[in-house]
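A.B. asks: Here the sequence shown is numbered in full-length UniProt numbering, starting from 1 and rising by one per residue. I have a structure I would like to understand better, so I am pasting it below and will then ask my questions one at a time.
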Amino acid sequence: MKNIFAVCAYVLSIFGVAFVLIFRRKDAFAVYHAKQSLGIVIAAVLALVVWAVGGWAISWIPYIGFIVAVACFALVIAAYLTLAICWIIGIKYAWQGQQQPVPIIGERILRYL
Numbered sequence: 001m002k003n004i005f006a007v008c009a010y011v012l013s014i015f016g017v018a019f020v021l022i023f024r025r026k027d028a029f030a031v032y033h034a035k036q037s038l039g040i041v042i043a044a045v046l047a048l049v050v051w052a053v054g055g056w057a058i059s060w061i062p063y064i065g066f067i068v069a070v071a072c073f074a075l076v077i078a079a080y081l082t083l084a085i086c087w088i089i090g091i092k093y094a095w096q097g098q099q100q101p102v103p104i105i106g107e108r109i110l111r112y113l
């Protein structure tokens with residue numbers, strides 16, 4: 001039963017995280033996976049914000065700035081693909097009952113959340 005709430009934290013994104021943190025806060029396993037899911041969402045938002053701010057700054061360079069800024073969006077796509085893989089692995093860990101951090105960013109999520 002505890003696996004269901006942990007999986008919901010990933011599948012329902014922010015709503016699942018909020019549900020687990022509000023109604024299931026005593027379930028350490030579900031809260032662990034809710035924090036992992038929240039970290040993935042925060043990383044996705046940060047990737048886009050960093051690109052937007054950096055792209056805006058780079059676009060002021062005459063002639064090539066706009067082209068470089070648009071080309072840097074490939075980095076955002078790469079970050080999203082990586083985060084999607086982390087998200088799927090997190091769902092797998094939650095479903096199997098493993099309390100293990102997602103690859104690449106899981107340890108940082110544990111440190112900051």
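Think of the CB as a built atom: it goes at the ideal place given N, C-alpha and C, for glycine as much as any other residue.
Beta-carbon separation of Phe5 and Ala28 under 8 Å?
C.D. replies: The answer is no: Cβ separation not under 8 Å.
A.B. asks: For the alpha helix (DSSP H) that Tyr93 lies in, which residues bound it at each end?
C.D. replies: Here the alpha helix (DSSP H) through Tyr93 covers 73-96.
A.B. asks: For the alpha helix (DSSP H) containing Lys2, list its first residue and its last residue.
C.D. replies: It spans 2-11 - the alpha helix (DSSP H) in which Lys2 sits, taken as one unbroken run.
A.B. asks: Helix, strand or coil for Lys26? Go by DSSP, reduced to three states.
C.D. replies: Note: Lys26 maps to coil in three-state DSSP.
A.B. asks: What distance in whole Å lies between the Cβ atoms of Ala47 and Val70, which are believed to be in contact at a cut-off of 8 Å?
C.D. replies: 16 Å between Cβ atoms; not a contact.
A.B. asks: May I have the straight-line CA-CA distance separating Phe19 from Ile61, to the nearest angstrom?
C.D. replies: Between Phe19 and Ile61, the C-alpha separation is close to 46 Å.
A.B. asks: At a threshold of 7 Å, does Phe19 count as lining the ligand MG (C-beta to nearest heavy atom)?
C.D. replies: The ligand MG is absent from the structure shown, which contains no ligand whatsoever.
A.B. asks: What residue range is occupied by the uninterrupted alpha helix (DSSP H) comprising Leu110?
C.D. replies: Segment 106-112, the alpha helix (DSSP H) holding Leu110.
A.B. asks: Where does Trp60 sit, in a helix, a strand or coil, going by DSSP?
C.D. replies: Trp60 falls in the coil class under three-state DSSP.
A.B. asks: Apart from the five residues on each side of it in sequence, which residues of its chain come closer than 8 Å, Cβ to Cβ, to Pro101?
C.D. replies: The answer, listed in chain order, is Gln36, Glu107, Ile109, Leu110.
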